[in-house]
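Residue numbering for the sequence shown follows the numbering used here, starting at 408 and increasing by one per position.
In what follows, a structure is listed as structure tokens, so that the remarks can point back to it.
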Amino acid sequence: MSKEQTSSPRETVTIIDNSTGKQVELPLYRGTEGPAVFDIGGMAKQLGIYTYDPGFRSTASCQSAISLIDGPAGRLLYRGYPIEQLAEHSSFLEVCYLLWYGSLPNQQELEKFTYSITHHTLLHEGLREFFQGFRYDAHPMAIMVGVVGALSAFYHDSLDIHNPKVRELSAHRLIAKLPTIAAWAYRYSKGEPFPYPRNELSYGENFLHMMFSYPTEPYKVNPVAAKAMDLLFLTHADHGQNASASTIRLAGSSQANPYACVSASVGTLWGPAHGGANEAVIRMLEEIGSPDRLDYFIARAKDRDDPFRLMGFGHRVYKNYDPRAKIIKKLCDEVLAAYETDDPLFTLAKQLEERVQQDEYFVKRGLYPNVDFYSGIILRTIGIPTNMFTVVFTIGRAIGWIAQWNEMITDNQTSIGRPRQLYTGPAQRDYIPLADR
Ligand code: CMC
């Protein structure tokens, strides 16, 4: 922990092992905001015991200056800037710059960065062949895991992870190439041609062009859709030490290459308790179908014996409204108005939210809509199919992962991630020969 982050005079926490009477005084650190932590590093050595914290509910796994989630207040900061201000004034690529380099770019820096991202969007032609190896009905997230991991085989220069220039180039490549991989995964599932990226288009426009254009006719990107994509990428860009960010730190702590590490995070994000929730929300709303079935599904969500949960509700850190959900709900209204359409699932989603907010079960547990609750409605309206929703999340989150990875590598406290366990298996016993069993 750096000196600035420790409080002065030195604060400590004392742990007493009541079974032996031994005690240890541990340093307490305070960050710039958020809860303090005490450093248990010396505890195992002095007391011979470890901590036990499944799901890391009470454990800070690292120090980080990238994003702050203030759960009780429902606040999210990227490098200190509130998400609402960035959503209103900034663009996704500006936010990528902010997350990677630590400060907002000036005009010249942003132009240079945008140029670099724009000129790294092409995939190696050899990588095109990888798509053909997947079954026609493969989930696009399965293709993402495979093709992103396969980038390692094309950029051998990126294996030198201790070189900051190499890490920067890998970051630019990943931000640039993910939309191409994602769109081609979709086009492959449709048996359609793979459109090449176009340098005159913005990041969001280019993704839509690769998703929906045909070589046979001109394609005009809808500016409302492009703006919405940019804002969705921006609101998903980073979110503290969530499961996929923790995955990249753990994978990267072994000094594996960045593409292999990002591929591991893509796999983690896919789960319905994490980024897969946006897809699950739409499937759930479709299953609910009409307002008269809300009671039934709310009752199921509250039943401890039923594994059903309301998808898009609840968060490990937010026990208040997820600020990203507020931004996305507003965007949802704007996109539906611009498309002059009325999605009955949006109406149903708002009715569900209203009911949940009046229900003591959800209020008591601080369960509010999260980032995934309304994003799918926007994506549906734009024409993005449901199985691509988590892929869109992946494109937005890639910058967060690689910024976390870069921060980990440059932190002199980093060592290979290697948790302990509470062993509950059999105590040592002797082998019994097969004939005697
Ligand atoms: N529906 C019904 N009950 C819920 C829900 C839900 N969506 N979420 C939490 N609860 C209940 C849970 O049963 C528990 O009740 P009790 O105290 O009686 O045991 C209590 O609320 C606390 O839940 P928890 O499981 O301890 O909370 P967690 O921090 O482990 O889980 C979560 C957080 C996001 C995995 C969970 O809220 C959930 O499964 N939500 C639905 C899936 C979802 O929307 N995921 C996207 C998360 S945001 C985007 C991202 O980070 O990827």
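Note that CB positions come from ideal geometry on N, CA and C, so glycine has one too.
Closer than 8 Å to some heavy atom of the ligand CMC: that does not describe the Cβ of Gly-803. Taking Leu-692 as the centre and dropping the five residues before and after it, the same chain places the C-beta of Leu-752, Leu-755, Ala-756 closer than 7 Å to its C-beta, in chain order.
Cβ-Cβ distances below 8 Å link His-681 to Asn-649, Ala-650, Ser-651, Thr-675 in the same chain, with the five nearest sequence neighbours on each side left out; the list follows chain order.
Under DSSP, Arg-482 shares a beta bridge with Asp-477. Of the other Cβ atoms in all chains shown, fewer than 16 fall within 10 Å of the Cβ of Tyr-459; this residue is therefore exposed.
Burial state of Ala-744 is exposed, judged by a 10 Å Cβ sphere holding fewer than 16 other Cβ atoms. According to the DSSP assignment, Pro-434 belongs to the beta strand (DSSP E) that extends over 430-436. It is roughly 32 Å from the alpha-carbon of Pro-792 to the alpha-carbon of Gln-765. Cα atoms of Ser-474 and Gln-811: separation of roughly 10 Å, rounded to the nearest angstrom.
Looking from the CA of Ala-557, the closest CA among Gly-540, Phe-520, Glu-418 belongs to Gly-540. Taking a contact to require three or more Cβ pairs closer than 8 Å, the segment 522-535 and the segment 591-611 qualify as touching. Annotation: the continuous beta strand (DSSP E) that includes Val-420 extends over 419-423. Distances from the alpha-carbon of His-722 to those of Leu-774, Ser-661, Gly-487, Phe-769 put Leu-774 closest.
Beta bridge pairing from DSSP links Val-444 with Tyr-436. Looking from the CA of Arg-711, the closest CA among Lys-452, Tyr-768, Asn-727, Gly-719 belongs to Tyr-768. Around the beta carbon of Ile-550, a 10 Å sphere encloses 16 or more other beta carbons of the protein chains shown; the residue is thus reported as buried.
Spanning the alpha carbons of Glu-747 and Pro-600 requires a straight line of approximately 30 Å. Shown here for Pro-622: same chain residues with a beta carbon closer than 6 Å to its own, the five before and five after excluded, namely Pro-600 in chain order. Cβ-Cβ distances below 8 Å link Asp-750 to Leu-743, Ile-784, Arg-787, Thr-788 in the same chain, with the five nearest sequence neighbours on each side left out; the list follows chain order. If you keep only unbroken alpha helix (DSSP H) runs of at least 4 residues inside the segment 754-785, you get 767-772. For Glu-694, the uninterrupted alpha helix (DSSP H) segment begins and ends at 684-695. Annotation for Ala-663 indicates a beta carbon at 8 Å or more from all heavy atoms of the ligand CMC. Here Ser-620 is buried. Its C-beta has 16 or more other C-beta atoms within 10 Å. Going by C-alpha positions, Thr-797 is about 11 Å away from His-643. Ranked by how close their Cα comes to the Cα of Asp-544, the residues Leu-841, Met-795, Arg-836, Ser-661 have Met-795 in first place. A residue is called buried once 16 or more other Cβ atoms fall within 10 Å of its Cβ, and Phe-715, having fewer, is exposed. The beta-carbon separation of Tyr-504 and Leu-483, rounded to 18 Å, does not stay under the 8 Å limit for a contact. DSSP links Glu-624 through a beta bridge to Tyr-621. Partner residues in the beta bridge of Phe-720, as assigned by DSSP, are Pro-776. Measuring C-alpha to C-alpha distances from Gly-449 to each of Cys-668, Gln-828, Gln-430 identifies Gln-430 as the nearest. The way I'd put it, the segment 479-495 doesn't touch the segment 822-833; fewer than three beta-carbon pairs between them come closer than 8 Å.
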